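> Position 85 of the sequence shown, counted from 1, bears residue number 85 in the working numbering, the numbering being contiguous throughout.
Mind having a look at this structure? Questions to follow.
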Amino acid sequence: MHGTTLSSGLFTVGELLVAPSALLVAVTVLRDGLAAHDPQPVSTRVPAQRKPRFVTVTRAGGSMPNPFTESIVLIVQAWDEDKVLGESRAEQTANLCAGLLRASSGTRVAGAKIRHWEPNALPSWFPDDSGIPRFQFTGELRLALNKQ
1 MHGTTLSSGL
11 FTVGELLVAP
21 SALLVAVTVL
31 RDGLAAHDPQ
41 PVSTRVPAQR
51 KPRFVTVTRA
61 GGSMPNPFTE
71 SIVLIVQAWD
81 EDKVLGESRA
91 EQTANLCAGL
101 LRASSGTRVA
111 GAKIRHWEPN
121 ALPSWFPDDS
131 GIPRFQFTGE
141 LRLALNKQ
């Protein structure tokens, strides 16, 4: 077995497998997909100066179902402040985002292999405290660990 001696010299580890950034992968999938279908900003935080429409992705834990895969729980939120169409457009954006994540299964994005997207909860109404229409869904993004 090949190993890498760590700087302490006290022990040797085998092949080092490291999880890619799930946030980078998810934001890239959604940003690129929305750019082609319904352009709007995608980020990991609510922008300091809110745009009329935007999407956020948050990591909420996860697990390792096997030694080679990380299963990351993500919360995706679609916001739309339009007074008339905001609720239905936020819902449609959330549905589109869910579809983009489903379609990403088996692809490589931002240097990561996406094994699978597994929805936990379908898009649901989740208005912002300020009253801005927002839809939210959750799911697990399963990523292959990368050799280092």
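Positions of the beta carbon are idealized from the N, C-alpha and C atoms, including for glycine.
Note that the structure is predicted; figures quoted are calculated from it, not measured.
Going by beta-carbon coordinates alone, are L24 and F68 separated by less than 8 Å?
Their beta carbons are not under 8 Å apart, which means L24 does not touch F68 by this criterion.
> Please name the residue, chosen from E15, V109, R50, G62, that lies closest to A26 on a Cα-to-Cα basis.
Ranking the options by Cα distance to A26, first place goes to V109.
> What three-state label does DSSP hand L34 in the structure shown?
Of the three classes helix, strand and coil, the one that applies to L34 here is helix, per DSSP.
> Counting along the chain, where does the beta strand (DSSP E) carrying R142 start and finish?
Counting along the chain, the beta strand (DSSP E) containing R142 begins and ends at 134-144.
> Taking the continuous alpha helix (DSSP H) assigned at G62, which residues delimit it?
Note, G62: premise wrong, no alpha helix (DSSP H); beta strand (DSSP E) at 53-66.
> Is R165 helix, strand or coil when you go by DSSP?
In this structure the chain extends from 1 to 148, so residue 165 is not present and cannot be described.
> Can you give me the Cβ contacts of S71 inside the same chain, cut-off strictly under 6 Å, excluding the 5 residues immediately before and after it?
G62, S63, P65, E140, R142, listed in sequence order.
> For the putative contact between W117 and L96, defined by C-beta atoms under 8 Å, what is the C-beta separation to the nearest angstrom?
The Cβ separation is near 14 Å, so there is no contact.
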